[in-house]
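When we follow our numbering, the leftmost residue of the sequence shown carries the number 8, and every step to the right adds one.
C-beta: ideal position from N, C-alpha, C; glycine also.
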Amino acid sequence: MLAVRTRINELAAKAKTAAGLTPEEEAERKDLRAEFLANFRAAFRSQVEMLQVFDKDGQEVTPEKVKQIQRENGIRED
8 MLAVRTRINE LAAKAKTAAG LTPEEEAERK DLRAEFLANF RAAFRSQVEM LQVFDKDGQE
68 VTPEKVKQIQ RENGIRED
C-alpha cells in the first residue's frame, strides 16, 4: 500500500510539471488510484465491522446490523 501511495504521489508531482504525464502514466495513475481506494474501503469496512459501541453506563449499544455482520464473520457468538 505504501508503494502505491508513493507512486501516486510521484505521478501527481510530475503531472504538475510542464512535461505532464504521458498517456501510459495517466492510465497507471488511474489504476493505482482505483487500487488505493479499494484497499482503503476494505480496511475501513473491516474497522467498522469490528467496532463495538457502548453508552455512558457501559451498556453495549452496537447497531444490530453490525452485530449480525460480526456473527456472520465469526467475531461475535451472541
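Subject >> E35 and L18 closer than 9 Å at C-beta >> reply: Stepping through the sequence shown from its first residue, residue 35 is reached at position 28. Stepping through the sequence shown from its first residue, residue 18 is reached at position 11. Yes; because the gap between Cβ atoms is below 9 Å, this pair is in contact.
Original post:
In three-state terms, what does DSSP make of E67?
Top reply: Mapped onto the sequence shown, residue 67 falls at position 60. E67 falls in the strand class under three-state DSSP.
**OP:** Give the DSSP bridge partners of F47, in chain order.
**Re:** On the sequence shown, residue 47 is found 40 positions in, with the first residue counted as 1. The partner list for F47 (beta bridge, DSSP) is empty, contrary to what the question assumes.
**OP:** Determine contact between the stretch 9–23 and the stretch 39–57, defined as no fewer than three beta-carbon pairs at a distance below 8 Å.
**Re:** Judged by Cβ distances under 8 Å, the stretch 9–23 makes contact with the stretch 39–57, as three or more pairs qualify.
Original post:
Going by C-alpha distance, which of F43, P70, V73 and K21 is nearest A33?
Top reply: Taking the sequence shown and counting its residues from 1, the one referred to as residue 33 is at position 26. Just to set this straight, residue 33 is Glu in the shown sequence, not Ala. Considering only alpha carbons, the answer is K21.
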